[in-house]
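In what follows, a structure is listed as structure tokens, so that the remarks can point back to it.
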Amino acid sequence: CLLPRADATLSSSLDGILLDDVLPPGSPLCDGGSASASTTSSSFTFEFSPSTSSHWSDVNVPHESETYLAEMTHVDVDPNRTFTVRFGRGGNIYSLLGAYGEAIPPQVQRESAWIDEVTQCVSVNLQKNRPKKGRKYFVHQAGTYMTDDEYMPPSFYSPTVARQCVTAEEESGADDGDEATATGRRTLSTTEMTTTTCSFASWGQQARVPTYFQSDVLYVHRYRDCGS
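Just so you know, UniProt numbering puts 101 at position 101 of the sequence shown, and the rest follows in order with no gaps.
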């Protein structure tokens, strides 16, 4: 029997229940700010569409659809505060577009498409990591380098264990009849919500392959558009 914490937000899916039970409550500082509905909007989607603004290297463009998990967008009347962030299957950030352009490198290395030059967590076991002896212990949140010629490509990104993107109304249990789907986009003005939140759990992978080691690391992350 799964019993959520007393302070857990209400979720309608097993993924949401598990993530809410693991993650702590959000910060009260992220309350949606004071922006009005006429100045900001927030949206998310699990549907992939090729990026036309990131200018990824031609070497690895075909792999973007393989790493993609979700997208969150904040639109502001001030273009300097507008951004779009894309999350990889490992729950890592692999794209961050703002007024300045793309914050993530263009992915020019053929063997590390959105594996190395991304915003992610890396776990290293200093007792087991012995590079000089051929035993490298680096667990990447994003996935595995494409260095095993027998099996790669295709690339292998960290499997998604659980995923959830919701609006504040959904978190509090309200239902306005316009729920997000895996192929749809959910957009609400700030009069209808205070935050858009995405939470992910993933099974981190040994980055260096072939490898002597297995991976027993789960990464759990929550991202929130505060709306301000």
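Every residue, glycine too, gets a C-beta built ideally from N, C-alpha and C.
For residue i, count the other beta carbons within 10 Å of its own beta carbon; 16 or more makes it buried, fewer makes it exposed. Which is it?
| i | result |
| --- | --- |
| Glu47 | exposed |
| Val118 | buried |
| Arg110 | exposed |
| Ala99 | exposed |
| Glu171 | Because the pLDDT of Glu171 is 44, which lies under 50, any placement of that residue in the model is unreliable, and the number read from its coordinates should be weighed accordingly. Result: buried. |
| Asp20 | buried |
| Asp58 | exposed |
| Asn60 | buried |
| Asp225 | buried |
| Gln127 | exposed |
| Thr45 | buried |
| Thr147 | exposed |
| Asp149 | exposed |
| Ser43 | buried |
| Leu69 | buried |
When DSSP builds the beta bridges, which residues end up paired with residue i?
| i | result |
| --- | --- |
| Cys198 | Cys165 and Tyr223 |
| Gln205 | His140 |
| Glu117 | Note: Glu117 sits in no beta bridge, so no partner. |
| Arg130 | Arg135 |
| Thr73 | Ser43 and Thr84 |
| Ile104 | Its beta-bridge partners do not exist; DSSP assigns none. |
| Ser215 | Its beta-bridge partners do not exist; DSSP assigns none. |
| Ser95 | Arg86 |
| Val124 | Phe138 |
Would residue i pass as a contact of residue j if the rule is Cβ separation under 7 Å?
| i | j | result |
| --- | --- | --- |
| Ser53 | Leu97 | yes |
| Gly88 | Trp114 | yes |
| Ala142 | Gly91 | no |
| Gly204 | Val217 | yes |
| Val85 | Val220 | no |
| Ser41 | Val75 | yes |
| Ala207 | Tyr145 | yes |
| Ser155 | Glu64 | no |
| Val124 | His140 | no |
| Arg222 | Ser202 | no |
| Ile104 | Ser112 | no |
>> Just to confirm the assignment: which complete alpha helix (DSSP H) runs, minimum length 4, are found wholly within the region 134-173?
In response: Counting only runs of 4 or more, we get 168-171.
> For the region 127-141 against the region 208-216, are there 3 or more C-beta pairs whose distance is under 8 Å?
Replying inline: With the cut-off at 8 Å, the region 127-141 and the region 208-216 touch.
>> With three or more beta-carbon pairs closer than 8 Å as the criterion, would you say the region 11-22 touches the region 146-166?
In response: Yes: the two stretches touch, three or more of their Cβ pairs being nearer than 8 Å.
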